[in-house]
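Residue numbers (the numbering used here): 915 to 1205.
No residue lacks a Cβ here, since even glycine has one placed at the ideal position from N, Cα and C.
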Amino acid sequence: MADFGHTHQAFRLKAELRTRLSFFALFVGGLLPAAAAEKLNVLLIISDDLRDTVGCYGNPAVKTPNIDRLAQRGVRFERAYVQYPVCNASRTSFLTGLRAEQTGVVNNATNFRTRLPDIVTLPQKLRQEGWHAAAYGKIYHLAGRDREEQARWMDLPKSWDEAEAFKPTAAGRVVEGRNLTGGKLAWCQWGATAGSDDDQPDGQTALHVIATIEKQTGAGKPWIVGAGFHRPHDPFISPQKYFDLYPPGSLKVHRDPAHAGLRTALFCASGAHVLKYAARRFSHTAILAPA
C-alpha cells in the first residue's frame, strides 16, 4: 500500500482541512405549504474536516458518488466557510446561531454550557416544538472519560432525546498503515482496517441513523437526526475497501505551487450508507450537511 503523500503534506493537510466549511442543503418537497403547518423532518449530516475537494466540487480523482447525487438534488454553496478554525468552537457556533466570539468558545476544552447555560440550540428548539431529536457520532465536540461527562458534551438531555457515540469493534483492527512522523505525532497516521463499515464508528453511526429514521417515520413523529461522521478527520483510517478504490500509482502526488494552499484531501466514504439512503428514500425532509 502506497503512503498518502509525505510528512510535509500530512501537516499541511491537517491545517487545511480545518479552514473550509462545505455546506449542502437539500429541501426535499420544497418549502412548507402556505396553507399547512407541516413539520419537515431534518437530517443533519456532519463530516469532520471534509472540505470541498470532492466530486461535486470538480475533483474527478475522489470517488464520492453519494454526496455527488445529493448535491445534484440540492443547493451547493461555494463560499461557505468554517466559523472558527477549531472543532468545538465551530460546532457550538452553527448549532447555537452565534459567532464564536459571542459564545466565548474558542478552543476544544470549553463546554459551551459553562458559558451559555440557558442558550437554546437548533436541535433543542425543534425538540421543544415536538420533533424527536437524536444524535449519533460527533455532532457536538466529543470529550469526557466517563459516560456522565460524555453526556454533558453531547448536550444530553437538553439538545437530544437520545445521543450516542461509538468505538471500533475488535474485528475492525488496522491491518496495514504507518505513522508518518515515526510516532512523534499520534494523529499523523494512515491505516487500512479489517472488517466492514459496521466495525468502524462511522458505519455504526450510519446504522443507528437509518434505524432511528425508520422508527420515527413509522411512528408518524417528526424528527431531527444528527449523523456525525468522524472521517476524514485524522487519524486517516478506514476499511480496506476504500483504499482499494485508489491502487498504488493511481493518484498523482500533489505538489504545492508557491504561495498556494494544499488542494489535496483524503476522503473516507464511511458515510455513504446514510447519503445513499437519504438521497433515494425521503420526501418532506430537510437535509443539512455541513462538513
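Residue i, buried or exposed, once every other Cβ within 10 Å from all chains shown has been counted against 16
i, result
"residue 995", "exposed"
"residue 980", "buried"
"residue 1158", "exposed"
"residue 1059", "exposed"
"residue 1023", "exposed"
"residue 1009", "buried"
"residue 1171", "exposed"
"residue 989", "exposed"
"residue 1118", "buried"
"residue 1077", "buried"
"residue 923", "Because the pLDDT of residue 923 is 37, which lies under 50, any placement of that residue in the model is unreliable, and the question is left without a value."
"residue 1164", "exposed"
"residue 1089", "exposed"
Cβ-Cβ separation, residue j to residue i (assumed contact under 8 Å), whole Å
i, j, result
"residue 865", "residue 1086", "Because the chain spans 915 through 1205 in this model, residue 865 falls outside it and cannot be assessed."
"residue 962", "residue 1147", "4 Å"
"residue 1140", "residue 1037", "7 Å"
"residue 1161", "residue 1105", "Not quite, the Cβ-Cβ distance comes to about 17 Å (not below 8 Å), so this is no contact."
Proximity to residue i [Cα-Cα], best of the options
i, options, result
"residue 1041", "1166, 1135, 991 and 1078", "1135"
"residue 1151", "967, 1094 and 1011", "1094"
"residue 1082", "1011, 1111, 1066 and 968", "1111"
"residue 1115", "1133, 997, 992 and 1143", "1143"
"residue 998", "955, 1020, 1153 and 1156", "1020"
"residue 992", "978, 968 and 977", "968"
"residue 1011", "955, 984, 1039 and 982", "1039"
The region 1110 to 1129 in contact with the region 1016 to 1034 per 3-pair CB rule at 8 Å
A contact between stretches requires three or more CB pairs, one per stretch, nearer than 8 Å, and the region 1110 to 1129 fails this requirement with the region 1016 to 1034.
At a cut of 8 Å, does the region 1068 to 1083 reach the region 1039 to 1047 through at least three beta carbon pairs?
Three or more pairs of CB atoms, one per stretch, sit closer than 8 Å, so the region 1068 to 1083 contacts the region 1039 to 1047.
Does the contact criterion of 3 or more C-beta pairs under 8 Å hold for the region 1093 to 1108 versus the region 1127 to 1136?
Output reads no: the region 1127 to 1136 does not touch the region 1093 to 1108.
State whether the region 1052 to 1059 contacts the region 1001 to 1008, with contact taken as three or more CB pairs (one from each stretch) at a distance under 8 Å.
The way I'd put it, the region 1052 to 1059 does touch the region 1001 to 1008; three or more beta-carbon pairs between them come closer than 8 Å.
Counting only runs that start and end within the region 1072 to 1160, where is the alpha helix (DSSP H) found for 4 or more residues in a row?
Taking only runs of at least 4 residues, the alpha helix (DSSP H) segments lying wholly in the region 1072 to 1160 are 1115 to 1132 and 1154 to 1158.
Residue ranges of each alpha helix (DSSP H) run of no fewer than 4 residues wholly in the region 1017 to 1058, ordered along the chain?
Within the region 1017 to 1058, the complete alpha helix (DSSP H) runs of at least 4 residues are 1036 to 1042.
Counting only runs of 4+ residues fully inside the region 945 to 995, write out the alpha helix (DSSP H) ranges in chain order.
Runs found: 979 to 987.
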